Amino acid sequence: MNELTKYLWPTIKVLIVPYVLLMFLLIYRIDYQIIAPGGITEVESLIDVDYEVDESKGSFSSTYVISFRKPTFFQFIISDFSKYNKVYILSESYAHYTDSEVRQISYIQKYTSIDAAVKVAYEYASEVNSEIVFGEDAIFNVTIVYGKDAELMHYDSIGLGDEFVSMVGDENVVIDDITLVSSAMTEGNVYKFLFKEEDGTMYEAEVSATDFLSSNIQFRTYTLINENAIYPTYQETDSNIGGPSGGLLQTLAIYNMLVDEDMTKGYKIAGTGTISYDGQVGQIGGMTQKIATAHINQVDYFFVPGTTTSNYLEALAACEKYGIDPEGWLIPVETFSEAVAFLEGLDANE
Amino acid sequence: MNKPFRTWKQLRDNFGVKSYVDAFLGSLMYTLFVIIPVILIYIQVMSMYYHRLYVIAFLMTITCSGIAVFQLWLWKKAFMLKRPELTAKDFPVIDKQMIINAIIVFLIGVIIILLVVPILQV
Numbered sequence: 003m004n005e006l007t008k009y010l011w012p013t014i015k016v017l018i019v020p021y022v023l024l025m026f027l028l029i030y031r032i033d034y035q036i037i038a039p040g041g042i043t044e045v046e047s048l049i050d051v052d053y054e055v056d057e058s059k060g061s062f063s064s065t066y067v068i069s070f071r072k073p074t075f076f077q078f079i080i081s082d083f084s085k086y087n088k089v090y091i092l093s094e095s096y097a098h099y100t101d102s103e104v105r106q107i108s109y110i111q112k113y114t115s116i117d118a119a120v121k122v123a124y125e126y127a128s129e130v131n132s133e134i135v136f137g138e139d140a141i142f143n144v145t146i147v148y149g150k151d152a153e154l155m156h157y158d159s160i161g162l163g164d165e166f167v168s169m170v171g172d173e174n175v176v177i178d179d180i181t182l183v184s185s186a187m188t189e190g191n192v193y194k195f196l197f198k199e200e201d202g203t204m205y206e207a208e209v210s211a212t213d214f215l216s217s218n219i220q221f222r223t224y225t226l227i228n229e230n231a232i233y234p235t236y237q238e239t240d241s242n243i244g245g246p247s248g249g250l251l252q253t254l255a256i257y258n259m260l261v262d263e264d265m266t267k268g269y270k271i272a273g274t275g276t277i278s279y280d281g282q283v284g285q286i287g288g289m290t291q292k293i294a295t296a297h298i299n300q301v302d303y304f305f306v307p308g309t310t311t312s313n314y315l316e317a318l319a320a321c322e323k324y325g326i327d328p329e330g331w332l333i334p335v336e337t338f339s340e341a342v343a344f345l346e347g348l349d350a351n352e
Numbered sequence: 842m843n844k845p846f847r848t849w850k851q852l853r854d855n856f857g858v859k860s861y862v863d864a865f866l867g868s869l870m871y872t873l874f875v876i877i878p879v880i881l882i883y884i885q886v887m888s889m890y891y892h893r894l895y896v897i898a899f900l901m902t903i904t905c906s907g908i909a910v911f912q913l914w915l916w917k918k919a920f921m922l923k924r925p926e927l928t929a930k931d932f933p934v935i936d937k938q939m940i941i942n943a944i945i946v947f948l949i950g951v952i953i954i955l956l957v958v959p960i961l962q963v
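Chains C and Y, in that order, are what the protein sequence lines are. Every position in the first sequence, counted from 1, becomes a number in my numbering once 2 is added. Every position in the second sequence, counted from 1, becomes a number in my numbering once 841 is added.
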């Protein structure tokens, strides 16, 4: 080793400062967020419905972007060479979360988005296909812990995504409806909350009225699917991609798996937009990079939320920037039914 | 089949276990100094240019093959520095190993690109 070190020493002397500088650039992370184009994922690879229909000739794909929190200096510098990437100062609402917590929030958004997609798709499909069963008991509400303020280190026992079961309010009243919790609290007091983890383990934690009332600890109520009360059943596949922005395309793909008509008409269809429980298409982030992703992946049609929304205007600006003709390619929709109507009006791609 | 193993054993016997291991560890250490920033650079470029994932992963595979060769070259250099009377031509077993290692690393890279990357993209 000594002989080798002696032999390499002149080179080491010259390179040591640039090397240390390079390692610093590669390791030191800064408070920015970079959004870069990602890829498209065929929804069929994420959700499988146990129902026989003719195989689609085309595909429905959700579009994802790479969102990089706290990039290194090196990533920050090289990101600037891409016309597709965009750098933001890290939003304060997310700054205090660890990477793993952000991933967890993103997965919560994805799984609840899939349930919303299932609800909308099954409800619409049951109107055109009498075999589809989606009764009133097919859905139930769940309230989960969605976020915590940075200072709330003493709430570490409460995990993101854990289900709120009940709380014991003033005069020992047990409340299991999150909307009634504030009325059973007195400012300055501390209350016992009962939570349930994903594996069913129950645990108690104390939450102060001040933290609850000022939303320092945040809860969100989602409508989920009771798979025993629907027909056909479906399976979700684990995936590395999170977030709610695939909602519209997931709904279209599930709907396509439940009806006889091939809604793809042989086209490669992608898009972005959340889906609400009543079928409204909601806005998303990273529109410019999603347009770039769709363009790179040569999709035939691309759905975006709204006709007058900032998302649509962003999409038009991105099309202009990347030299894409939006006419007939960029499809703005406000509701799921508008998207279905558009697809029904398409001629089959031979 | 046993010839390469015999030749390696012969090399070890010629230099003695201590020198043999010392030369290997020296080559490994300097290779690590090279490979750590190279891998970090590739991963970070990949994350920022994800739409060029396959091209970057392919370049990374070629670079890793090159680094595998570089490690063996350093090992050979360390042997030559220990015995200045020897020349580069006196280590045919290491030259052959360079080709084998480069091919193995390249094949591992190709397998990752073709099998693992598509799974991770879902």
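C-beta: ideal position from N, C-alpha, C; glycine also. Keep in mind the model is a prediction, meaning the values are calculated, not measured.
Would you say Tyr236 (chain C) and Ile256 (chain C) are within 9 Å of each other, going by their C-beta atoms?
Going by C-beta atoms, Tyr236 (chain C) is nearer than 9 Å to Ile256 (chain C).
For Phe136 (chain C), does the count of other Cβ atoms within 10 angstroms reach 16, so buried, or fall short, so exposed?
buried
Measuring straight from C-alpha to C-alpha, what distance separates Ile91 (chain C) and Asp33 (chain C)?
7 Å
Could you tell me the alpha carbon to alpha carbon distance between Tyr808 (chain Y) and Gly950 (chain Y), rounded to whole angstroms?
Coverage of chain Y is limited to positions 842 through 963, which leaves residue 808 (chain Y) absent and any answer about it impossible.
With DSSP as the reference, label Val55 (chain C) as helix, strand or coil.
Look at Val55 (chain C) here: in three-state DSSP terms it is coil, with no helix or strand label.
With a threshold of 9 Å between beta-carbons, can Glu199 (chain C) be considered close to chain Y, or not?
no
Along the beta strand (DSSP E) that carries Leu226 (chain C), what are the first and last residues, could you check?
219 to 227
Report the residues of the segment 901 to 932 of chain Y with a CB closer than 8 Å to any CB of chain C, ordered along the chain.
Flagged, chain order: Leu915, Lys918, Ala919, Leu922, Lys923.
Among C:Lys85, C:Phe78, C:Leu48, C:Ala38, which one has its Cα closest to the Cα of Ile68 (chain C)?
C:Ala38
With a threshold of 9 Å between beta-carbons, can Phe304 (chain C) be considered close to chain Y, or not?
no
Straight-line CA distance for Pro73 (chain C) to Ala294 (chain C)?
Cα to Cα, the separation comes out at about 21 Å.
Going by CA-CA distance only, name the one from C:Asp101, C:Gly275, C:Ser241, C:Lys270 that's closest to Leu251 (chain C).
C:Gly275
Taking the C-alpha atoms as reference points, what is the distance between Val45 (chain C) and Ser64 (chain C)?
6 Å
Could you pull the start and end residues of the alpha helix (DSSP H) that Pro959 (chain Y) belongs to?
958 to 961
Tell me whether the segment 260 to 278 of chain C and the segment 339 to 352 of chain C touch, counting them as touching only if at least three CB pairs, one residue from each stretch, are closer than 8 Å.
yes
Can you list, in chain order, the residues of its chain with a C-beta nearer than 7 Å to that of Lys194 (chain C)? Leave out the 5 residues immediately preceding and following it.
Met169, Val170, Glu206, Glu208
Extent of the continuous alpha helix (DSSP H) to which Met889 (chain Y) belongs:
858 to 889
Compare the C-beta of Ala943 (chain Y) with all C-beta atoms of chain C and state if any pair is closer than 9 Å.
no
Go ahead and pull the three-state DSSP assignment for Ile134 (chain C).
In the structure shown, Ile134 (chain C) adopts coil according to DSSP, grouped into three states.
C-beta contact flag for Pro334 (chain C) and Thr311 (chain C) at 9 Å:
yes
I'd like to check one pair, Ala140 (chain C) with Ile49 (chain C): are the Cβ atoms closer than 9 Å?
no
Could I get the ranges of all uninterrupted alpha helix (DSSP H) runs contained in the segment 73 to 122 of chain C, with 4 residues as the minimum, in chain order?
You should have 75 to 81, 94 to 97.
Of the listed residues C:Glu336, C:Leu215, C:Lys85, C:Asp201, nearest to Glu192 (chain C) (C-alpha basis):
First, the residue type needs correcting, since residue 192 (chain C) is Val and not Glu in the sequence shown. Val192 (chain C) has its Cα closest to that of C:Leu215, out of C:Glu336, C:Leu215, C:Lys85, C:Asp201.
Which runs of the beta strand (DSSP E) at least 3 residues long sit entirely within the segment 211 to 299 of chain C? Give them in chain order.
219 to 227, 236 to 238, 270 to 273
What distance in whole Å lies between the Cβ atoms of Gln111 (chain C) and Pro20 (chain C), which are believed to be in contact at a cut-off of 8 Å?
Contact doesn't hold; Cβ gap of about 42 Å is too wide.
So is Ile243 (chain C) buried or exposed if we call it buried at 16+ other beta carbons inside 10 Å?
Ile243 (chain C) is buried by the Cβ-count criterion.
Measure the alpha-carbon distance for Glu189 (chain C) versus Asn230 (chain C) and round it to whole angstroms.
42 Å
CA-to-CA distance, Gly281 (chain C) to Ala296 (chain C), given in whole angstroms
23 Å
Enumerate in chain order the residues of its own chain whose CB-to-CB distance from Tyr871 (chain Y) is below 6 Å, with the five nearest sequence positions on each side excluded.
Leu915
Bounding residues of the alpha helix (DSSP H) (the contiguous stretch that carries Phe899 (chain Y))
Taken as a continuous stretch (DSSP letters only), the alpha helix (DSSP H) holding Phe899 (chain Y) covers 894 to 923.
For my contact list, Asn143 (chain C) and Thr253 (chain C) are in at a C-beta cut-off of 8 Å; report their separation, rounded to the angstrom.
The pair is not a contact, with the Cβ atoms about 20 Å apart (cut-off 8 Å).
What separation, rounded to the nearest whole angstrom, lies between the Cα atoms of Tyr109 (chain C) and Val261 (chain C)?
28 Å
Please classify Val122 (chain C) as buried or exposed, where buried requires at least 16 other C-beta atoms within 10 Å of its C-beta.
When all chains shown are included, Val122 (chain C) counts as buried.
Distance, Cα to Cα, Met939 (chain Y) vs Val910 (chain Y)?
Using only the alpha carbons, I get a separation of about 5 Å.
According to the neighbour-count rule (16 or more other Cβ atoms, all chains shown, within 10 Å of its Cβ), is Phe846 (chain Y) buried or exposed?
exposed
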